[in-house]
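A quick write-up on the structure given underneath.
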Amino acid sequence: MGEERMIGTLVVAVMAAMALVLAAGALIVGARGAGTPSGALVDGVTASDVPTVLGVELTEFAIAPADLTLAEGGTLTVRNSGAAEHDLEVVGTSAATPVLFGGDASELTLDGVAPGTYEVRCTIPGHDSAGMVGELTVVGADGDATVVAAAGDADGAHDDHAAAGGDEDWAALDQAMHDSILAFPAETEGIGNQPLEPEEVLEDGTKVFRMTAGIFDWEVEPGKVVEGWGYNGQIPGPMIKVDVGDTVRVHIENELPMGTDVHWHGVRVPNDQDGVAPLTQPLIEPGETYTYEFAADEPSIGMYHPHHHGQMKLPNGMFGVFLIGDLGTDIALPTGRTISNKDIPASIDIVAEIPMVLNDAGTIGLTINGKGWPATEPIVVDEGDWFVVHYYNEGLQIHPMHLHQMPQLVFAKDGFVLDAPQWEDTVNVAPGERYSVLVQATDPGAWAFHCHILTHAERHEGMFGMVTALIVNDAEDA
Ligand SMILES: [Cu+2]
16 MGEERMIGTL
26 VVAVMAAMAL
36 VLAAGALIVG
46 ARGAGTPSGA
56 LVDGVTASDV
66 PTVLGVELTE
76 FAIAPADLTL
86 AEGGTLTVRN
96 SGAAEHDLEV
106 VGTSAATPVL
116 FGGDASELTL
126 DGVAPGTYEV
136 RCTIPGHDSA
146 GMVGELTVVG
156 ADGDATVVAA
166 AGDADGAHDD
176 HAAAGGDEDW
186 AALDQAMHDS
196 ILAFPAETEG
206 IGNQPLEPEE
216 VLEDGTKVFR
226 MTAGIFDWEV
236 EPGKVVEGWG
246 YNGQIPGPMI
256 KVDVGDTVRV
266 HIENELPMGT
276 DVHWHGVRVP
286 NDQDGVAPLT
296 QPLIEPGETY
306 TYEFAADEPS
316 IGMYHPHHHG
326 QMKLPNGMFG
336 VFLIGDLGTD
346 IALPTGRTIS
356 NKDIPASIDI
366 VAEIPMVLND
376 AGTIGLTING
386 KGWPATEPIV
396 VDEGDWFVVH
406 YYNEGLQIHP
416 MHLHQMPQLV
426 FAKDGFVLDA
436 PQWEDTVNVA
446 PGERYSVLVQ
456 ATDPGAWAFH
466 CHILTHAERH
476 EGMFGMVTAL
486 IVNDAEDA
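According to the numbering used here, the sequence shown holds residues 16 to 493 in order.
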């Protein structure tokens with residue numbers, strides 16, 4: 016119990032320090048919130064002055080114009096001119112566009128939205144706190160824009176930075192951060208990356224796996240259940256690990272409402288097994304089972320995911336880890352070398368090989384291994400231990416992954432061992448990339464481990480998304 020309490024205290028101390036560093040971001044957001052108080056009437060405006068159709072542009076990360084004035088019952092023509100997914104919601108009403116991909120547009124008619132002043136925002140996690148908020152004034156036929164409280168904002172989450180008089184409740188922000196940090200680690204239903212054993216090993220040694228692609232409930236953070244798309248009810252899907260030289264056969268049962276395929280990303284396969292329907296294979300129709308087979312003849316730190324409509328399936332959770340070969344034998348570690356004045360022992364025992372699959376969009380949102388803080392899983396090791404993390408970016412944005420205190424030795428990129436490994440404290444992982452890092456847990460304590468795009472880790476409601484912790488047990492307590 017004493018040890019648990021100590022770990023808890025360390026978590027608090029470390030996370031509090033991180034919150035302080037990140038507080039600058041909250042200040043910027045807060046300053047913006049202190050805008051013009053919403054007036055009861057729009058002085059001197061007559062209904063005929065007010066447009067009935069207005070164009071709105073969404074980009075990373077802005078809504079332009081941010082101050083919108085529209086006649087009651089009017090239409091917003093919303094265009095996503097950015098690269099990432101965005102949408103536009105009139106907070107406290109049912110008026111919202113669907114999620115728009117870059118280049119897409121949508122007409123949002125404000126039927127039933129009473130005259131008044133509303134907050135508008137992008138609902139993609141992190142985008143509002145990154146700047147995608149604005150104000151919409153709906154003017155009635157008589158020029159009336161009486162403020163309507165955003166009563167429909169049931170969770171109250173946005174009241175703190177709505178333009179309601181422009182006063183931030185700073186103490187409430189502090190409390191929200193405090194509570195969200197102390198909620199770690201939190202239990203949720205479902206765990207991804209579970210090792211998948213072959214359902215059968217044939218006489219010739221072929222390893223036969225079976226996975227079902229489907230839609231299921233996924234608890235991404237405590238109490239937040241979303242529609243997950245994935246394999247065998249897991250996000251990330253089951254982790255497959257085979258030996259170099261194995262023949263691999265994978266049956267894919269498609270229980271999705273649409274066709275699919277499986278691309279083996281970073282794994283060397285014959286062209287007709289590359290999973291790009293209809294180029295290299297027919298589409299796997301709903302209800303069908305399709306079989307892939309290839310020789311795993313080269314080491315790989317690979318992944319699998321659909322190619323067909325990957326832009327919607329991957330963000331919703333359809334991805335998994337595919338490893339060929341063992342660390343240290345098939346995939347060389349930089350042991351017995353001196354790199355930037357740091358000696359790596361000639362022989363090291365790797366206590367854990369941890370995949371960290373990153374996502375940032377779709378129904379799953381900003382997550383590590385399918386979970387957002389405080390439901391992310393901590394890495395727990397003993398002082399002195401060496402462990403390996405494989406980063407996989409299955410999302411749509413770059414994520415600079417920062418581990419406090421202990422440097423990360425980047426020894427492989429996309430599974431290819433580097434001739435010149437390098438130490439980094441922040442490893443930038445772009446979509447599709449994998450980086451493999453070796454870390455020694457030299458310092459006891461609870462250390463924050465998070466994406467350093469601050470809005471991927473913190474928001475008004477506190478810590479969330481792409482944050483976990485490295486917990487190093489003190490050798491003296493063992
Ligand atoms: Cu990020």
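Positions of the beta carbon are idealized from the N, C-alpha and C atoms, including for glycine. The structure displayed is predicted, hence computed values, not measured ones.
Residue i: CB within 6 Å of a non-hydrogen atom of ligand 1
i	result
residue 481	yes
residue 383	no
residue 139	no
residue 299	no
residue 280	no
residue 206	no
residue 142	no
residue 468	yes
residue 471	yes
residue 414	yes
Buried versus exposed call for residue i [16 or more other C-beta atoms within 10 Å across all chains shown]
i	result
residue 187	exposed
residue 474	buried
residue 361	exposed
residue 349	buried
residue 494	Residue 494 falls outside the range modelled here, since the chain spans only 16 to 493, and no answer is possible.
residue 52	Unreliable placement is indicated for residue 52, whose pLDDT of 37 sits below 50; the coordinate value is still reported in the next sentence. The residue is exposed, with fewer than 16 neighbouring Cβ atoms inside 10 Å.
residue 451	buried
residue 314	buried
residue 185	exposed
residue 297	exposed
residue 482	buried
residue 312	exposed
residue 150	buried
residue 492	exposed
residue 294	exposed
residue 203	buried
residue 366	exposed
residue 190	exposed
residue 364	exposed
Proximity winner among the options, relative to residue i (alpha-carbon distances)
i	options	result
residue 266	280, 215 and 284	215
residue 270	254, 302, 108 and 208	302
residue 310	222, 481 and 413	222
residue 123	112, 132 and 117	112
residue 333	312, 342 and 242	242
residue 199	367, 236, 346 and 353	236
residue 268	258, 389, 257 and 245	245
residue 262	478, 131, 282 and 442	282
residue 159	132, 139, 183 and 329	132
residue 335	129, 449 and 93	449
residue 152	135, 142 and 141	135
residue 420	71, 439 and 411	439
residue 479	408, 383, 412 and 418	383
residue 78	338, 66, 368 and 94	94
residue 248	225, 257, 256 and 258	225
residue 329	293, 294, 356 and 381	381
residue 155	402, 67 and 406	67
residue 299	321, 146 and 404	321
residue 106	70, 74, 116 and 147	147
residue 259	337, 253, 140 and 208	337
residue 212	428, 193, 219 and 257	257
Cβ-heavy atom distance, residue i to ligand 3, below 6 Å
i	result
residue 417	This structure lacks ligand 3; the ligands present are ligand 1.
CB contact check: residue i to chain B, cutoff 7 Å
i	result
residue 252	The chain labelled as chain B is not found in the depicted structure, where only one protein chain is given.
Decide if the segment 445-462 is in contact with the segment 483-493; the criterion is three or more beta carbon pairs, one per stretch, under 8 Å apart. In this structure the segment 445-462 lies against the segment 483-493, because at least three pairs of beta carbons, one per stretch, are closer than 8 Å.
What residue ranges within the segment 389-441 form continuous alpha helix (DSSP H) runs of no fewer than 4 residues, ordered along the chain? Fully enclosed alpha helix (DSSP H) runs of 4 or longer: not present.
Below 8 Å, how does it come out for the segment 286-301 and the segment 392-410: are there three or more Cβ pairs, yes or no? The segment 286-301, when compared against the segment 392-410, does not touch it at the 8 Å Cβ threshold.
Touching by the beta-carbon criterion (3+ pairs, under 8 Å), the segment 125-140 and the segment 77-87: Output reads yes: the segment 77-87 touches the segment 125-140.
If we count Cβ pairs, one from each stretch, closer than 8 Å, do we get three or more for the segment 475-482 versus the segment 422-439? Below 8 Å, too few C-beta pairs join the segment 475-482 and the segment 422-439 to call them touching: fewer than three.
At a cut of 8 Å, does the segment 338-353 reach the segment 224-232 through at least three beta carbon pairs? Short answer: they don't touch.
List, from N- to C-terminal side, the alpha helix (DSSP H) runs of 4 residues or more that fit wholly inside the segment 277-342. Here the runs fully enclosed are 325-328.
Which runs of the beta strand (DSSP E) spanning at least 3 residues fall entirely within the segment 442-467, listed in chain order? Taking 3 residues as the shortest admissible run, the segment 442-467 contains the following complete beta strand (DSSP E) segments, listed from N- to C-terminal end: 449-455 and 460-466.
At 3 residues or longer, and completely inside the segment 76-163: list those beta strand (DSSP E) runs for me, N to C. List check, beta strand (DSSP E) in window: 77-79, 82-86, 90-95, 120-124, 131-136 and 148-154.
What are the uninterrupted segments assigned as beta strand (DSSP E) that are 3 or more residues long and contained completely in the segment 212-275, given in chain order? List check, beta strand (DSSP E) in window: 222-236, 239-246, 255-257 and 261-269.
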